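So the protein sequences, as listed, match chains B and F. Counting along the first sequence from 1, when you hit position 55 you're at 55 in this note's numbering, and nothing is skipped either side. Counting along the second sequence from 1, when you hit position 79 you're at 1079 in this note's numbering, and nothing is skipped either side. Note that the Cβ used here is the ideal one computed from N, Cα and C, for glycine as well. Note that this is a predicted model, so its numbers are computed, not measured. Before any comments, here is the structure.
Number of protein chains: 2
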Amino acid sequence: MSTIVSITGATPCAAVDRDDAPVERMVGNRLLASLSPEDFGLLAPHLEPVSFAVGDFITRAGDPIESICFLEQGIAGVLDSLDDDRRYAVGLVGAEGFIGWPLVMGDDRSPYDVTMRAERGEALRMPAKALLAAVDQSPTLHLTLLRFAHVFMLQMGRTVVSSLAHSIERRMARWILLYHDRVQADEICMTHEEFRLMLGVRRSSVTDALHRLEEEHAIRAVRAKVLVHDRTKLMALAGDTYGQPEQDYVRLLEMDRNADDPSNPAEFTKVR
Amino acid sequence: MSTIVSITGATPCAAVDRDDAPVERMVGNRLLASLSPEDFGLLAPHLEPVSFAVGDFITRAGDPIESICFLEQGIAGVLDSLDDDRRYAVGLVGAEGFIGWPLVMGDDRSPYDVTMRAERGEALRMPAKALLAAVDQSPTLHLTLLRFAHVFMLQMGRTVVSSLAHSIERRMARWILLYHDRVQADEICMTHEEFRLMLGVRRSSVTDALHRLEEEHAIRAVRAKVLVHDRTKLMALAGDTYGQPEQDYVRLLEMDRNADDPSNPAEFTKVR
DNA sequence: ACGTTGCTGTACGGAACCGTGCAAAGTCCT
DNA sequence: AGGACTTTGCACGGTTCCGTACAGCAACGT
């Protein structure tokens, strides 16, 4: 089907060789990988590899969006901040999406802080203007990007419900799953203090909740890390606020891709 | 500027006379009213007035979206439901938007239950297919609809933060303001039981919170109703989770409209 | 007038979670 | 090895909010 885009979730390569004729390209970002050769061709000339360290800001709330980022490796936290210094996570984005979706929805400013939350953050960045020109040219490209924005919106909706209805332990299980979906390893690098932000609770509540998840043998908590041990158990503990958006992602963005490629077991299809 | 669309928030008229030449039209929906004559012309032939009673479902979670609704009068609650019977509000939509935005974001199913929450619900409905054809033809129309979806997303983001960081009293003040923005009167028809759903708390917590708001003379609570008394005080009580999305709505959707029309004081410009 | 139904006020003990403070343990630097 | 720093474990009382239950009150039909 797509000969110039090969999906290699395991060993993505951030570098895009621009001067070449369209040969085999390695793209870790699943949104880019799902594009047709034509749509990918519209973006490719403008994509430029960048790296981020933990805590680096990818965008800042209120700033004009000057570029967008397709993550190749790593995971970004999307944070809304109150007038005081407190910030709360409204979602997570990894290689399944991109940063800067307000642009394709008619806004030119970023409503949220977006920060890198993994050790090695690799991304393909392109200027906002080039993106706008590209989506102007290709409705199918626009649609693909919109579909990601929509799924992210669904994730936010479940975050609302989760925070209204569920205990800290349950919500924690959900965030661990969201995180786990977006990293290659079973190792989640995050301190209790960082979890605190996502859940909007105090630090020691995180400690307690992690202990309870550990008692259930769902995870193993070590210093500054959580090791995912039993995904199935985590999903049972997370309950009904995990799963739906992930299924929708697969439904919307991978419906017309050849599903018989055994080299990419499509992370999100783990669900259910 | 736009002669065939007059903005008459006070006395909107649901009926659209299709057989006419483009004469003066009365449209209560602010999204429709903000469209250029050309874009409005693309939709007008398909718009059909419909009425809803309190509790009527406009869409149901999981169902395919067969039509979209531009509310003219009334207010709709957007509810996400858990596997059990409990449902929680993730947002409110009134005459400032439309129901069925997943359609313009590449989805064909409704993720949420949307139900009428006001006595008289009037809307202009059009078939999904006609809408898709129209946005295909007009990128500016598509953009306007996307901008509403984006602002709704911002509202959801603040709902997350609000439910993580704020007390019931504060969150209640926020919902009352959101509701008040979208109805013409200072009278909000809602029982404590209905508030309960939006906040995800038990019914008697609603009673208590309303009493506290009443003590502050921000509102007056009577049977099955809340009378908004002091909007400024409500905004102070709601804190920093109210205001930003409303400002963004004005910024994004009314930036290029003539702001000097004194007949329509643009509800959302009350903010700040 | 009367019962029925739906909405609101209030009370009770209990659970979840908070803010705080502090000690133990791990990590890193020199 | 020793000191500085970060991360984690834990305990305290206090607050918010929960589930539940019940009684008063308004609206409505007959």
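Contact note: S1163 (chain F) reaches chain B through V160, S163, L164, using a C-beta cutoff of 8 Å and chain order. Nearest to Q244 (chain B) by alpha-carbon distance, out of B:T159, B:E215, B:K233, is B:T159. In this structure R30 (chain B) touches A95 (chain B) by the C-beta definition: roughly 6 Å separates them, less than 8 Å. Taking R220 (chain B) as the centre and dropping the five residues before and after it, the same chain places the C-beta of E214, L227, H229 closer than 7 Å to its C-beta, in chain order. Listed by position along chain F, the residues whose Cβ is nearer than 9 Å to that of Y249 (chain B) form an empty set, because the closest Cβ is around 11 Å away.
With 16 or more other Cβ atoms inside 10 Å of its own Cβ, D1181 (chain F) counts as buried. Rounded to the nearest whole angstrom, the C-alpha separation of Q73 (chain B) and Y179 (chain B) is 12 Å. Taking 7 Å as the cut-off between beta carbons, the residues of the region 139-152 of chain B near chain F are L143, L146, R147, A149, H150, in sequence order. Between L177 (chain B) and Y249 (chain B), the C-beta spacing is not below 9 Å.
Residues of chain F whose Cβ lies closer than 8 Å to the Cβ of M172 (chain B) do not exist; the shortest such Cβ separation is about 13 Å. In terms of CA proximity to G1091 (chain F), F:Y1112 leads the group F:I1168, F:T1207, F:Y1112. DSSP places M1116 (chain F) within a strand segment (E or B) once states are collapsed to three. Rounded to whole angstroms, the separation of the alpha carbons of L146 (chain B) and V104 (chain B) is 7 Å.
The DSSP assignment places 219-222, 225-228 as complete runs of the beta strand (DSSP E) inside the region 192-232 of chain B, in order along the chain (cut-off: 3 residues). DSSP places S110 (chain B) in the coil class of the three-state scheme, outside both helix and strand. Shown here, G1091 (chain F) sits in a strand according to DSSP, grouped into three states. Shown here is that no member of the region 177-192 of chain B has a Cβ falling below 9 Å from a Cβ of chain F. Ranking B:I168, B:E187, B:I188, B:I99 by CA distance to the CA of S204 (chain B) puts B:I168 first. An exposed status is given to T1140 (chain F), since fewer than 16 other beta-carbon atoms sit within 10 Å of its beta-carbon. Interface criterion met: the Cβ of L154 (chain B) is under 9 Å from a Cβ in chain F. Of F:D1240, F:R1212, F:L1124, the smallest CA-CA separation from G1028 (chain F) is found for F:L1124.
For M126 (chain B), there is no enclosing alpha helix (DSSP H); the residue is part of the beta strand (DSSP E) that begins and ends at 121-127. Interface residue (Cβ-Cβ distance to chain B less than 9 Å): P1111 (chain F) is classified as such. Within 8 Å of the CB of G157 (chain B), the CB atoms of chain F belong to D1080, V1090, P1111, Y1112, M1156, in sequence order along the chain. Residue-level contact check: T1207 (chain F) does not touch chain B, since none of the beta carbons of chain B fall below 9 Å from its beta carbon.
Annotated as proximal: R1117 (chain F) and V1054 (chain F), with beta-carbon spacing under 9 Å. Around the C-beta of P1045 (chain F), fewer than 16 other C-beta atoms lie within 10 Å, and the residue is accordingly described as exposed. Within the same chain, and ignoring the five residues on either side of R1212 (chain F) in sequence, the residues whose Cβ sits closer than 7 Å to its Cβ are E1169. Residue B:G97 holds the alpha-carbon nearest to the alpha-carbon of M153 (chain B) among B:Q137, B:H142, B:G97, B:D208. Distance from the CA atom of A224 (chain B) to the CA atom of M190 (chain B), rounded to whole angstroms, is 5 Å. Taking CB atoms only, G1106 (chain F) has a neighbour in chain B less than 9 Å away.
Beta bridge pairing from DSSP links F1052 (chain F) with F:G1121. No Cβ of chain B is located within less than 9 Å of the beta carbon of G1074 (chain F). The alpha carbon of F1070 (chain F) has as its nearest neighbour, out of F:H1192, F:G1200, F:T1232, F:V1114, the alpha carbon of F:V1114.
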